[in-house]
Each structure stands twice: as structure tokens, then as C-alpha cells.
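Enquirer: Attaching a single structure in C-alpha cells format; questions to follow.
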Amino acid sequence: MDLTLYNTYSGQKEIFVPVDAEHIRMYVCGPTVYNYAHIGNARPVVVFDTLARLLRKLFPKVTYVRNITDIDDKIISAASEQGKKINFITTRYTNQFHADMAELNDNGPDIEPHATDHITEMIKMVECLIEKNFAYVKEGHVLFSVKKMKDYGKLSSHSPDELIAGARIEVSSYKNSPADFVLWKPSSSEQPGWHSPWGRGRPGWHLECSAMSEKHLGETFDIHGGGQDLIFPHHENEIAQSVCAHSGAPFVNYWMHNGYLTVDGEKMSKSLGNFYTVRQLLDEGWDGETIRLALLKSHYRQPLNFSLRGLQDAKSELDRFYRVLRGHSLAEIINFSSESQHSTIEATLKNDLNTPGAIHQLHGEASRLFRLSNNDQSTLKLKNQFFKDASLLGILQRDPEDWFKGNNKKSNDKIDMVFVEDTIALRNAARARGDFIEADRLRDILSAKNIMLEDNVDGTVWKVGEGQK
Ligand SMILES: [Zn+2]
């Protein structure tokens, strides 16, 4: 059976034909690192990690690129609000993102380019677009002239006229047409900036992904993914930049977008009090695997209604799956060598990543295994296949006994790096003003969480104490 994927660009499901069947290349828009990842940010991470797992099973080589946006106006605002350096904010939330997504069994991308490491490539692309007359310079800004591109708006099915009429387009004196978008903009002396032919400035967000995908995947690659909210303007503008800079060469063959996420039927927002960060759910004792399964229970293109009730259901399902594996350790199950059986779950996932169908099949496999009471070699063989199938979805990665041990206790072995760093900063401030009682109190708070501090000439470093992984 062929792999089929729904392509936003054509508006239909298509048989996947790779550029090079020996090497699949995929790019997914990564986080802007100025805050904790919320559950809506986690959805594309889990969806495209699951797709990457399937692609790795089907093809000899996969290069999966997911960027880090570490220059953005939201980051600049967060840094100034918190009185911190930009670097501090981006490093802190990049680390936090990695830690939180690892809890969701995200294998991570093969390459994780940071926008600020690719300024040279971005400037080169802007120069190329100006030279080819797709972009113009006005009041220190460089803008892409939307009317110069014939197919602009095809991905999102908007015509440039509709876009101009749309209220979401910002009208500015430096734009020849309201639909034109920024490639490069000037930075004030307090804002981060890089020297360019147009003065000291910084890149527009859309430019980052065009420059980084070209550098790491080439001009034309197979799959570009992201949330549905990125179709317009972000992905539309990526297409405009890349296709025009590359003299019309195709940019991406398959555009994939995951649907919106609501919480308890409403748009997630801090003001409604239904805003969940991944870290908060982990701190409340929900297991990362439970969160992952809850995110995969809806098909990726469908809207997903997230709720604590849904998490509870996902947890019960994982309890059932782990009960199937009980009686053997994870190592025994993994190491049981058997030639891989024909996997019906793989076939289901090849149908536009049908994760709800695959989970349904896992339940069927579990029911069959429950009927086998003995723990002989043939049962172990079936457990091995069950484990392999579940691994395609990125679940059942724990030893069954560990799962049940950890099941009812509040999880306290997950490290909140922001909390650790804030506490260290408070302790250093206390030490600087000679308040050693407060400094010791703060050290004790961390040591109760098994975080050990070491003061040296360069400052304070921390590590997780012995006896914990
Ligand atoms: Zn992007």
C-alpha cells in the first residue's frame, strides 16, 4: 500500500512520491522561544514526530528539520518586560521546550537550526529578491511585492485583492501595497540587529524559514508541516520568497497542516482560564505519554478538543496497554528477536497518518493478548509486535512495572528549569547582599527537589543529584 498524504496545496489526498526515494526531507516550523510551550504548541510536535517515525520505517534515510525562532518581536518584548537579556530568554525557553517535548517522547529533529545563526543566508536571499525585482527598499525596510508573484495566495486560496480587503493586513507608509510583507526591518539601538546593505536591522519571521530550509534541505524538498494557523500569511509568504528566489523551482511538494486545538470546546486563552502549558500538566502529575496519546486520538487534520476528561481517558487506555505487556520487562520484550510481522497499524498510518484508526487497532491487539493467559515464547512474540506497533505512535516506551509504580504518585522527578534558574538568581542576589540565611533557605528548596548547586568563579552551576535519572 502506498503512503498517501493530504496536501493543503492541492486540497486533496495524494500518493506520496518523494523527490529522492533514498532520502526524504521534511521541514516543520518550530517554536518562537519566549515562553513555555502550551498544549496547542505540542500538537504539531507530536503529529510530525509520529510522521517522522513512519517515514523512517518506510524509507532508508529521513532528514527532519525543525527550527528555533530566536529573533522575534515577541521575544524582544518578553525580554524587556522581564528585564532580562534576549539571550537569557531564548536559551531558557529553548531548553525548557526540549525538556517538555522529550517528556512527550518527541525524538526531535535531525537538524535544529536557530534563526540567529542564519542571518547571512537571509541577507543573501533578500539581495537576490531585490535583484530579481520581487522586493523593494523603502524607509529602511525591505518588502516583498506581492503583485509581482503570479501564484501568490494559492496555498491559502486567497487572491491578493481579497488579502488587501482583509482587515488582518497592516497598512504602513513604507508599503507600496498593503499586502506586501516585510523581509527585513530596521532595529533601534536597543533592539537586536545585524549589519546589512539596508542598515542595521533584523529579518522578518517568514524569511527565516525560507533561508533555513534552503540551507539544510535544498531548494525543493518533500514535506513542509506546521499548524493550520500558519497557512496564511507565514507559509504563503515562505512560498513567495523561496519560489521567486529560486527562479520558479518548486519549493515544497506536500504541505501538511494540523487542525486547531480548543480546550473544553473554547479557544484556549489566558483570560478564559483554560490555558494549559505542557509543563503545568506534567507538574500536575500527568504523564507525558498520556498527553501524547490524548493528542493523537484525534486525526491531525481535525480540530482537537482538549480536556482533562480526555487526558483521564488517555491514561486509562495506556493503563490497559501496559497491562498487556506486564509479566515481561521492556528489555525482554524489545530484545525478543522475531522477524517483523506484517503490521496493520503501519498500513493504517500510511493512510494520511490515521492515528485514531491505529489506536483502535492497538486495542484490538490488546484484546487478543488478554485472552492468552500463558507467558510463553509465542506470547512474547506477540508482545514484541505490540510494542513495535505502539512505538510507531511513540507510546509504551516505559517498563510496564515502572508505569504502574509511577501511576498514582504525583510526578516530582520532572525538572522545571525556569524555576531552578529563578531560584538560583534569587539565591545569588541574597548572597550578594549578605543575606546568607535566605541564600541557604533557597538552596534547601532546590536540594529538596534533588537539584545540587556548585558555586565557582564563573557563577553557580546546577545538576540533578545522585539517585535520580
Ligand atoms: Zn516557518
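Plus 608 on top of the position in the sequence shown (first one is 1) and you've got our numbering.
Cβ atoms here follow ideal geometry from the backbone N, Cα and C, with glycine treated the same way.
I'd like the span of the alpha helix (DSSP H) that includes residue 840, first residue to last.
Expert: No alpha helix (DSSP H) contains residue 840, which DSSP labels as neither H nor E.
Enquirer: What does residue 615 pair with, by DSSP beta-bridge criteria?
Expert: 620
Enquirer: Exposed or buried, which one is residue 1020 when buried takes at least 16 other CB atoms within 10 Å?
Expert: Note that residue 1020 has pLDDT 45, beneath the 50 cutoff, so the model's placement of it is unreliable and no number is given.
Enquirer: Hey, which residues come within less than 5 Å of ligand 1, measuring from Cβ to any heavy atom, in chain order?
Expert: Here the residues come out as 637 and 817.
Enquirer: Quick one: residues in its chain with C-beta nearer than 7 Å to the C-beta of residue 954, no 5 flanking neighbours on either side, listed in chain order?
Expert: 665 and 1000
Enquirer: Report the rounded CA-to-CA distance for residue 789 versus residue 827, giving the unit in angstroms.
Expert: Distance from the CA of residue 789 to the CA of residue 827, rounded to the nearest whole angstrom, comes to 21 Å.
Enquirer: Mapping the DSSP letters down to three states, classify residue 1003 as helix, strand or coil.
Expert: coil
Enquirer: Give every residue of the same chain whose Cβ lies closer than 7 Å to the Cβ of residue 648, excluding the five residues on either side of it in the sequence, and list them in chain order.
Expert: Only 869 and 876 meet the Cβ criterion.
Enquirer: Can you tell me whether residue 763 is helix, strand or coil according to DSSP?
Expert: Here DSSP, grouped into helix, strand and coil, assigns residue 763 to coil.
Enquirer: Would you check if there are 3 or more beta carbon pairs closer than 8 Å linking the segment 855-870 to the segment 889-902?
Expert: Taking a cut-off of 8 Å on C-beta distances, the segment 855-870 does not touch the segment 889-902, as fewer than three cross pairs fall below it.
Enquirer: Where does residue 874 land, buried or exposed, given buried means 16+ other C-beta within 10 angstroms?
Expert: exposed
Enquirer: Taking the alpha helix (DSSP H) that residue 1038 belongs to, which residues open and close that run?
Expert: 1025-1040
Enquirer: Enumerate, from N- to C-terminal direction, the unbroken beta strand (DSSP E) stretches of 3 or more residues contained entirely within the segment 772-814.
Expert: DSSP assignment within the segment 772-814 yields the following whole beta strand (DSSP E) runs of 3 residues or more, N-terminal first: 789-794 and 809-811.
Enquirer: Per the DSSP calculation, residue 1060 is bridged to which residue(s)?
Expert: In DSSP, residue 1060 forms a bridge with 1071.
Enquirer: In chain order, which alpha helix (DSSP H) runs of at least 4 residues are fully inside the segment 933-1008?
Expert: 938-943, 952-957, 963-979 and 985-1000
Enquirer: From the DSSP output, which residues share a beta bridge with residue 869?
Expert: 912
Enquirer: For the alpha helix (DSSP H) containing residue 705, name the first residue and the last one.
Expert: Counting along the chain, the alpha helix (DSSP H) containing residue 705 begins and ends at 694-711.
Enquirer: Measure the C-alpha to C-alpha separation of residue 1071 and residue 966 and round it to an integer number of angstroms.
Expert: 40 Å
Enquirer: Touching or not, the segment 937-957 and the segment 1023-1035, by the rule of three or more beta carbon pairs under 8 Å?
Expert: no
Enquirer: Note down, in chain order, each residue of its chain lying with its Cβ closer than 8 Å to the Cβ of residue 936, except the 5 sequence neighbours on either side.
Expert: 983, 988, 991 and 1008
Enquirer: With a threshold of 8 Å on Cβ separation, who are the neighbours of residue 1067 within its own chain once the five nearest residues in sequence on each side are excluded?
Expert: 1036
Enquirer: Where does the unbroken alpha helix (DSSP H) through residue 650 begin, and where does it stop?
Expert: 647-666
Enquirer: Out of curiosity, what's the CA-to-CA distance linking residue 893 and residue 884?
Expert: 13 Å
Enquirer: Using 10 angstroms around the beta-carbon of residue 1051, count the other beta-carbons present and answer buried if the total reaches 16, otherwise exposed.
Expert: buried
Enquirer: Are residue 1029 and residue 700 touching if we call contact CB-CB under 8 Å?
Expert: Their beta carbons are under 8 Å apart, which means residue 1029 touches residue 700 by this criterion.
Enquirer: Suppose you measure from the CA of residue 1016 to the CA of residue 1058; what does that come to, to the nearest Å?
Expert: Below a pLDDT of 50, predicted positions are generally treated as unreliable, and residue 1016, at 43, falls in that range; the measurement from the model is reported next regardless. When rounded, the distance between both Cα atoms is 21 Å.
Enquirer: State the start and end residues of the unbroken beta strand (DSSP E) segment that holds residue 835.
Expert: 829-835
Enquirer: For the segment 711-730 against the segment 812-821, do three or more pairs of beta-carbon atoms, one drawn from each stretch, fall closer than 8 Å, so that the two count as touching?
Expert: yes
Enquirer: Shortest alpha-carbon distance to residue 1097 belongs to which of 1031, 969, 641 and 963?
Expert: With the chain covering only 609 through 1077, there is no way to say anything about residue 1097.
Enquirer: When you compare only the Cα positions, how much space is there between residue 631 and residue 670?
Expert: 6 Å
Enquirer: Using 8 Å as the cut-off, can you tell me whether the segment 612-627 makes contact with the segment 673-686, which would need three or more C-beta pairs spanning the two stretches below that distance?
Expert: no
Enquirer: Using C-beta distances below 6 Å, list every residue in its chain close to residue 651, excluding the 5 sequence neighbours before and after it, in chain order.
Expert: 866, 869 and 903
Enquirer: Looking at the unbroken alpha helix (DSSP H) that takes in residue 730, where does it start and where does it end?
Expert: 727-739
Enquirer: Can at least three beta-carbon pairs, one atom from the segment 629-643 and one from the segment 692-706, be found at a separation below 8 Å?
Expert: Flag = yes, the segment 629-643 and the segment 692-706 touch.
Enquirer: Residue 886 and residue 708: beta carbons closer than 8 Å?
Expert: yes
Enquirer: To the nearest angstrom, how far is the alpha carbon of residue 927 from that of residue 1012?
Expert: Taking the Cα positions, residue 927 is about 8 Å away from residue 1012.
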